[in-house]
Structure formats: C-alpha cells, structure tokens
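Chemist: Numbering (our numbering), first residue to last: 1 to 290.
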C-alpha cells in the first residue's frame, strides 16, 4: 500500500529482558538496520537510558520484541510522546503484535520504504483520588481494574458516568477497558469484542452478585468515576501492573487519554477480524498440558 511516511531518522530496538530469543533477535535487527544506514539504539525495554531517550524524542520508531505484555509497556512509553511501535512476536500470544520473529527480515524493506500504515488506538487516563488529594496517575492501553484484594469477598463500587449515577456494583471487580482491552481481561469476564479503532470505554463487572451482569459500552468521550465502598482490602490495577491499595471512599476517575498508541501495520485493515478466530480457538499461554 502506498504511504507518505518519511524515512526514519533513528530507531530504538528494545527486547523483553527475560526472553533470551528476543535479546538475540534484537541484536540481529539492529545490525541489519545499521547496514542500511539507519542509526539504531539497541537495548532492553526497561533500560532507563533508552526509556529516557524515547521520552526526550530522540527516536522516531520503537521496535519492541516480546509478547503482548511487552506491547503494553511499549504503549505506555511511546503513546505520550507519539512514537510509533512495531511489534515482533517472541512471546506466546500476540493480539497486538504485527509480525512473527521469522518474518522481520522480509518486512524490513517495506518498513524502511514507508510502505505501512499507522493504526491509532485509544489509551485511558486514570487518577486515584482520596477526598481532594490526587494520589496517582496512569496512562494505560488495555484497562483499569478496581477489585477486591486477597480476601474472597465482593466489594461495592459506585459508578458514575459524566457525573451521573449509573449503578452500584457488588462484585469481585469492575473493569474499565479500551477497545484494545476488550480482548484482554474484559473478554475473559464475558465482555464483547470491540473494533480496535473505537474510542469508547467498556465497563465489565467481574463475578457480580445481584448486580448488573452485562457489559456497558459508554459513548465516545464519556468519563467514568468509580468510588470504593468496603471494609476490607481493595486494589487498583492499571494494565496488570503492581496493584495499588485503595481505602474506603477512594475514587478512581477514568477517561479517554489525550495520547494515542500508534502501531505500524503492514496487513490490510481487515487483519483484526482475520486473526481473531485463530486467537480465540487456541490460547498458547496454556502450554501443552495433555
């Protein structure tokens, strides 16, 4: 397909630090790019200097090697600064990843010639409030989850949409997800699959007890506020990262972020539906347990 993308000036290649194949492959990719005259910085995704370079706009492309978790972390890093991401699958799943590890060499000419398109995916912006004090802020690609802690007891979560009361959920958790996140935890909890280009927030309760047990798709531009009511442990989990403790009365506000994650795609836009059935029919994360 024809595009108007200009030549990349400097590329960062980052591997998941716990995947030896990703580290090995990242060195090969960096070497191939350098042979084409492209300045490259090769490292691990969690290298502080590499992350600082991306935040400082020193790179105009990140090639990330790993699984979907790697792509989420790359989105957190690159979305706020508008750096596109090309994912190479060295993990087990790959809903977000564009090419397999044995395809990168064949796709390199198209990448350098600008023969691709940018898929833009909405991110969520979330804040934790305790009365009038903001305690935390996160930018996520999949979801914000407010849930019970280790004690197996549901919590009460009062949800407001655009300042209007929606419902009080008595559940293990309430998920506020993007369209991207609709194929993650929200899907496992019984939510619908949304087209990736949508800019809606999806609300899905996990194990609701005598509460709304259907997913709710909020209109584009809506904001949701979730207030915790409980007498035991509750936590906030942004994109599956380390949980943040919540106390009774804490408020989590979620809205569409002003930032957008951009993924390089070589396939036609129908790829999402074409790849959906193979992903749904087999989950490679389970391994072979026969």
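All C-beta atoms in this analysis are idealised placements derived from N, C-alpha and C, irrespective of residue type, glycine included.
Indicate the three-state DSSP secondary structure (helix, strand or coil) for residue 31 in the structure shown.
Modeler: Taking the chain shown and counting its residues from 1, the one referred to as residue 31 is at position 31. Three-state result, residue 31: helix.
Chemist: Among all the DSSP beta bridges, which residues are the ones paired with residue 160?
Modeler: For the purposes of this step, residue 160 is taken as residue 160 along the chain shown, with counting starting at 1. Residue 160 is bridged to 165, 225.
Chemist: Can the beta-carbon of residue 178 be found less than 9 Å from the beta-carbon of residue 214?
Modeler: One-based indexing of the chain shown puts residue 178 at position 178. One-based indexing of the chain shown puts residue 214 at position 214. No.
Chemist: Please list the segments of the beta strand (DSSP E) lying wholly inside the segment 174 to 242, counting only runs of 3 or more residues, in order along the chain.
Modeler: Fully enclosed beta strand (DSSP E) runs of 3 or longer: 202 to 206, 224 to 229, 234 to 238.
Chemist: Roughly how many angstroms separate the alpha carbons of residue 165 and residue 158, rounded to a whole number?
Modeler: Against the chain shown, residue 165 aligns to sequence position 165. Against the chain shown, residue 158 aligns to sequence position 158. So the two alpha carbons sit approximately 8 Å from each other.
Chemist: Thinking C-beta only, is residue 174 closer than 9 Å to residue 146?
Modeler: As a working note, residue 146 is residue 146 in the chain shown. As a working note, residue 174 is residue 174 in the chain shown. The answer is yes: Cβ separation under 9 Å.
Chemist: Let me check one thing: in DSSP terms, what residues is residue 126 bridge-paired to?
Modeler: As a working note, residue 126 is residue 126 in the chain shown. Answer is 138, 254.
Chemist: Drop a sphere of 10 angstroms on the beta-carbon of residue 34, count the other beta-carbons inside from all chains shown, and report buried for 16 or more, exposed for fewer.
Modeler: Here residue 34 refers to the residue found at position 34 when the chain shown is read from its first residue. When all chains shown are included, residue 34 counts as exposed.
Chemist: Quick test of your reading: residue 66 and residue 40, contact by CB under 8 Å. State the CB separation rounded to the nearest angstrom.
Modeler: If you number the chain shown from 1, residue 66 lands on position 66. If you number the chain shown from 1, residue 40 lands on position 40. Not confirmed; about 18 Å, so no contact.
Chemist: Rounded C-beta distance between residue 176 and residue 224? I'm assuming under 8 Å.
Modeler: Within the chain shown, the letter at position 176 stands for residue 176. Within the chain shown, the letter at position 224 stands for residue 224. Between residue 224 and residue 176 the Cβ distance is about 6 Å, and since that is below 8 Å, they are a contact.
Chemist: I'd like the list of long-range same chain contacts for residue 58, defined as Cβ closer than 7 Å, with 5 residues on each side in sequence excluded.
Modeler: Numbered from its first residue, the chain shown carries residue 58 at position 58. If we look at residue 58 and ignore the five residues flanking it on each side, its Cβ neighbours are 10.
Chemist: Rounding to the nearest angstrom, what Cα-Cα distance links residue 183 and residue 20 in this structure?
Modeler: Looking up residue 183 in the chain shown gives position 183. Looking up residue 20 in the chain shown gives position 20. Rounded to the nearest angstrom, the two C-alpha atoms are 27 Å apart.
Chemist: Classify residue 27 as buried or exposed, calling it buried when 16 or more other Cβ atoms lie within 10 Å of its own Cβ.
Modeler: Numbered from 1 along the chain shown, position 27 holds the residue referred to as residue 27. Residue 27 should be labelled exposed.
Chemist: Flag residue 129 as yes when its Cβ comes closer than 8 Å to any non-hydrogen atom of the ligand MN, and as no otherwise.
Modeler: As for the ligand MN, it is missing from this structure, which has no ligand bound.
Chemist: From this set, 144, 80, 92, 151, which residue's C-alpha is nearest residue 54's C-alpha?
Modeler: Stepping through the chain shown from its first residue, residue 54 is reached at position 54. The option with the nearest alpha carbon to residue 54 is 80.
Chemist: Who are the near neighbours of residue 171 in its chain, counting only those whose CB is closer than 8 Å to its CB and skipping five residues on each side?
Modeler: Looking up residue 171 in the chain shown gives position 171. Around residue 171: 154, 155, 157, 205, 206, 207, 208, 209, 211.
Chemist: Would DSSP call residue 98 helix, strand or coil?
Modeler: Residue mapping note: residue 98 aligns to position 98 of the chain shown, counting from 1. Note: residue 98 maps to coil in three-state DSSP.
Chemist: Are the segment 110 to 119 and the segment 230 to 239 touching by the rule of at least three beta carbon pairs closer than 8 Å?
Modeler: In short, these stretches do not touch, since the Cβ pair count stays below three.
Chemist: Taking its Cβ as the centre, do 16 or more other Cβ atoms sit within 10 Å of residue 181, making it buried, or is it exposed?
Modeler: Position 181 of the chain shown, counting from 1, holds the residue named residue 181. Its Cβ being crowded by 16 or more others within 10 Å, residue 181 is buried.
Chemist: Can you round the beta-carbon distance between residue 32 and residue 45 to whole angstroms, since I take them to be within the 8 Å contact cut?
Modeler: Position 32 of the chain shown, counted from the first residue, corresponds to residue 32. Position 45 of the chain shown, counted from the first residue, corresponds to residue 45. The Cβ separation is near 19 Å, so there is no contact.
Chemist: Between residue 63 and chain B, is any beta-carbon pair separated by less than 9 Å?
Modeler: Here chain B cannot be found, since the structure has a single protein chain.
Chemist: If you run the structure through DSSP and keep just helix, strand and coil, what is residue 57?
Modeler: Within the chain shown, residue 57 is the residue found at index 57, counting from 1. DSSP places residue 57 in coil when its eight states are reduced to three.
Chemist: Can you pull the DSSP bridge partners for residue 44?
Modeler: Counting from one through the chain shown, the residue named residue 44 turns up at place 44. DSSP output for residue 44 lists 15 as bridge partner(s).
Chemist: Okay, do the segment 94 to 110 and the segment 129 to 137 touch, 3+ Cβ pairs below 8 Å being the bar?
Modeler: Counting Cβ pairs under 8 Å, fewer than three are found: no touch.
Chemist: Name the two residues that bound the continuous alpha helix (DSSP H) containing residue 75.
Modeler: What you label residue 75 is simply residue 75 of the chain shown in a count that begins at 1. Segment 68 to 78, the alpha helix (DSSP H) holding residue 75.
Chemist: Thinking residue 42 and residue 13 are a contact (beta carbons under 8 Å), I'd like their distance in whole angstroms, please.
Modeler: Residue 42 sits at position 42 when you count from the first residue of the chain shown. Residue 13 sits at position 13 when you count from the first residue of the chain shown. Contact holds; Cβ gap of about 5 Å.
Chemist: Could you pull the DSSP bridge partners for residue 89 from this structure?
Modeler: Reading the chain shown from its first residue, position 89 is the one you call residue 89. Its beta-bridge partners are 66, 100.
Chemist: May I have the straight-line CA-CA distance separating residue 4 from residue 98, to the nearest angstrom?
Modeler: Residue numbering aside, residue 4 sits at position 4 when the chain shown is read from its first letter. Residue numbering aside, residue 98 sits at position 98 when the chain shown is read from its first letter. Annotation note: pLDDT 47 at residue 4 (below 50); position unreliable, coordinate value reported separately. Whole-angstrom Cα-Cα distance: 20 Å.
Chemist: Helix, strand or coil: which one does DSSP assign to residue 245?
Modeler: Translated into positions along the chain shown, residue 245 becomes position 245. If DSSP states are grouped into helix, strand and coil, residue 245 belongs with the strands.
Chemist: Report yes if the CB atom of residue 239 is closer than 9 Å to the CB atom of residue 144, and no otherwise.
Modeler: As a working note, residue 239 is residue 239 in the chain shown. As a working note, residue 144 is residue 144 in the chain shown. Cβ atoms of residue 239 and residue 144: closer than 9 Å.
Chemist: Judging by CA-CA distance, which residue of 112, 74, 70, 167 is the nearest neighbour of residue 92?
Modeler: Here residue 92 refers to the residue found at position 92 when the chain shown is read from its first residue. Selected option, being the one with the closest Cα: 70.
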